[in-house]
Every structure is written in structure tokens, then in C-alpha cells.
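For what it's worth, our numbering labels the leading residue of the sequence shown as 7, then goes sequentially.
Notes follow once the structure below has been shown.
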Amino acid sequence: MPVKRGGGLWWQMGAFVAVIAIVGALMVHAGQRGMSADEINCAKYKCVALTFDDGPSPFTNRLLQVLRDQGAKATFFLIGNKVAADPDAARRIAAAGMEVGSHTWEHPNMTTIPVADIPSQLRRATQSIAAATGQAPKLYRPAGGLSNDTVRTEAGKQGLAEILWDVIPFDWINDANLAASTYMLKTQIKPGSVVLLHDTYSSTVDLVYQFLPVLIANGYHMVTVSHLLGDRAPGSTYGGRENGPPANAIIDISADRIPTLPNTPSPKPAPNLPITDIPNQNPGGPPA
7 MPVKRGGGLW WQMGAFVAVI AIVGALMVHA GQRGMSADEI NCAKYKCVAL
57 TFDDGPSPFT NRLLQVLRDQ GAKATFFLIG NKVAADPDAA RRIAAAGMEV
107 GSHTWEHPNM TTIPVADIPS QLRRATQSIA AATGQAPKLY RPAGGLSNDT
157 VRTEAGKQGL AEILWDVIPF DWINDANLAA STYMLKTQIK PGSVVLLHDT
207 YSSTVDLVYQ FLPVLIANGY HMVTVSHLLG DRAPGSTYGG RENGPPANAI
257 IDISADRIPT LPNTPSPKPA PNLPITDIPN QNPGGPPA
């Protein structure tokens, strides 16, 4: 009998320790979820940087609301001539606590335009963003991720670091095919990923709206590029134009935890403003 009582006591103690461990883990998880995207330590917890190119657009306000509702931060690489045309939109992005980077003045291929035009593409974008938000960007992304040493050297002179990506869901190709974009996100994202998206597509806002709960359920925090990577040296570059190796680290959640979309027609994508001062350049984005 004493042996049995002792065994029972040890089992009870073991169960108690297990319960304490589970409660402790839940408290840690709750604690980290309670930290804001500006406070989270990405060296200890899983972080991902969502980035949005080509804005501002008619869909930016809804995207900001989707991000705010989930406590997410992101980085917006804005086209300078669009900011000049709609400075209030850029101000709203900055006021929402998002990071604002430059996507050049007109979104040309920076590797094929005349070398003499490279400085103004960077400088004019910086000037328009600074005039709208009160703060000059420290990061830039060339259109299509197309860059070279000449572009980066000039960017360094202007105090800009180049940011590309390591996850690309091809949202501009898939558009309303959210399942295709979602598949790319689920199989590619890992802690520390920088994700390329575009806020010129209403479908991309839908994608983010439905995928943020998946990321949150997987323990991810959505932070700005600078929060994730720290200060970047002017003239440096990060990432590449291709997807990294598949990660397959995202666990699915039940369908009832994913918000549904209204059964209404999706607005057409928002085209980029045309390039008028550099011959034979395509501004990118969907056709007008």
C-alpha cells in the first residue's frame, strides 16, 4: 500500500507540473500577443514583414483598416507621382503607424533608363513623400526589384537602402484567384520573411483580410521592414527577386475562423500613373 500511495503522489505531482507548464506557455503566448507590433522582439518571436508596392490607391484605406483591426503593421513602398497626386493618402498611411518607403518617382525599370535619370527618380520620390508625411523615407524598392550597382550607389548617396523580398505570392497575376496566392503564402512564409504584395488590387486586400487570422493563429506578428531587419546601411540591398525555398511552416486553421468576403463584384485594379518624361518606359501595374 505505501508503494501505491507513493506512486499516486508522484503521478499527482507530475500532473500538477504539466498543468503549470501548460498554463505558463499559454501566459507567454497571451503576453506576446498582447505586445504591439512595435514592441515585439523578433529575435524571440515569429515576425513577418508584409510590404505593399505601387500605392497609394483607391484600396489603401480599406487595407489600412484591415491591418489596424488585427494590430498589424506593414511597409508601403509608394510611387512618388502618386503621392504628389494624393498626398492625403500618404499621410493616412504614416498616421496609421505604417512605414513608408520609396518606390521611385514613376516606377520605371531603373536598370534601363538613362543613368542621368536615376538620381531624379529617387530624389523626387523622396521629396514628395517627405512633403506629404513630414518624414523622408530611408528605404526604397526599385520597380520589379530591378537594380544594379549604379542604382544602389546613387541610392546610397541619397541615404536610401534597397529592400527586395523573399516571398512573392504573385498577387498581381493571380488577382481574384485568392486560393493560388494563399497557397504561395502558406508554403513560402517563415519567420523573418519579407513579403511582396500590391495595394493596387482590391483582391490583395481580400487576401490580407483572410490570411491575417492564419498568420496570427500560427503565432506570427506582422511588423515593419525596419522593425524586422533593423537599420539598413544606405546603398545596401536585402532580399532578391525570387521566392526563397519552400518553408511549408504554416498550419491551416478551420474555415470558420477565416472571415468571409461579401458576394459582390471586385473593383478593377488601380493603374499606375503614366510615365511622361522618360521615353519607352512602362509604369507597371494593370492597364488603365
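C-beta atoms are modelled at their ideal positions from N, C-alpha and C, and glycine is treated no differently.
How should lysine 79 be labelled, buried or exposed, when 16 other C-beta atoms within 10 angstroms of its C-beta is the threshold for buried? Buried, because 16 or more other Cβ atoms sit within 10 Å of the Cβ of lysine 79.
Judging by CA-CA distance, which residue of Ile284, Asn278 and Thr57 is the nearest neighbour of proline 293? Closest option to proline 293, Cα to Cα, is Asn278.
What is the residue span of the beta strand (DSSP E) that isoleucine 169 lies within? Start and end: 167-169.
Let's test the definition: count the other Cβ atoms within 10 Å of the Cβ of glutamate 45 and tell me whether it reaches 16, buried, or not, exposed. Only exposed fits glutamate 45, as fewer than 16 other CB atoms lie within 10 angstroms of its CB.
Whole-angstrom distance between glycine 151 and threonine 243, CA atom to CA atom: In a straight line, the C-alpha of threonine 243 is about 10 Å away from that of glycine 151.
Sort Pro143, Gln141 and Leu221 by Cα distance to isoleucine 195 and report the nearest one. Checked all of Pro143, Gln141 and Leu221; the closest Cα to isoleucine 195 is Leu221.
For valine 220, report the span of its alpha helix (DSSP H) as first-last. It spans 208-223 - the alpha helix (DSSP H) in which valine 220 sits, taken as one unbroken run.
Pairwise C-alpha distance: proline 125 and proline 275: Roughly 29 Å between the two C-alpha positions.
Since I believe valine 157 is in contact with threonine 118 (beta carbons under 8 Å), could you give me their beta-carbon distance rounded to a whole number of angstroms? About 11 Å separates the two Cβ atoms, so there is no contact after all.
How about leucine 234 and alanine 55: do their beta carbons lie closer than 8 Å? It is a contact, given that the beta carbons lie within the stated cut-off.
What is the DSSP secondary structure of aspartate 59, counted as helix, strand or coil? In the structure shown, aspartate 59 sits in a strand (DSSP, three-state: E or B).
Check each candidate in Phe83, Leu70 and Asn224 and name the one with the smallest Cα separation from leucine 170. Closest by alpha carbon: Phe83.
Excluding the five sequence neighbours on either side, which residues of its own chain have a C-beta within less than 7 Å of the C-beta of valine 229, listed in chain order? Correct list, in chain order: Ala43, Ile46, Cys48, Cys53, Ala55 and Lys79.
Taking C-beta to C-beta, are glutamate 168 and proline 289 nearer than 8 Å? Not closer than 8 Å, so no.
Within the segment 225-265, ranges of the beta strand (DSSP E) (whole runs, at least 3 residues): Taken in chain order, the complete beta strand (DSSP E) segments of 3 or more residues contained in the segment 225-265 are 227-229.
Could you check where the alpha helix (DSSP H) with threonine 316 kicks off and where it finishes? The structure shown does not extend to residue 316, since the chain is modelled only from 7 to 294, so the question has no answer here.
C-alpha gap between asparagine 87 and alanine 131, whole angstroms: Rounded to whole angstroms, asparagine 87 to alanine 131 spans 7 Å at the Cα level.
Give the secondary structure of glutamate 45 by DSSP, where H, G and I count as helix, E and B as strand, and everything else as coil. In the structure shown, glutamate 45 sits in coil (DSSP, three-state: anything other than H, G, I, E or B).
As assigned by DSSP and simplified to three states, the class of serine 108: Residue state, collapsed to three classes: strand.
Compare the Cα-Cα distances from proline 285 to each of Asp94, Leu191 and Pro120 and report the closest residue. For the residues Asp94, Leu191 and Pro120, the minimum Cα distance to proline 285 belongs to Pro120.
Per DSSP, asparagine 173 forms a beta bridge with which residues? Sequence inspection shows valine at residue 173; the asparagine mentioned does not correspond to that position. Per DSSP, Val201.
Assuming valine 200 and glycine 245 are in contact, meaning their beta carbons sit under 8 Å apart, how far apart are those beta carbons, in whole angstroms? A Cβ-Cβ separation of about 6 Å places valine 200 in contact with glycine 245 under the 8 Å criterion.
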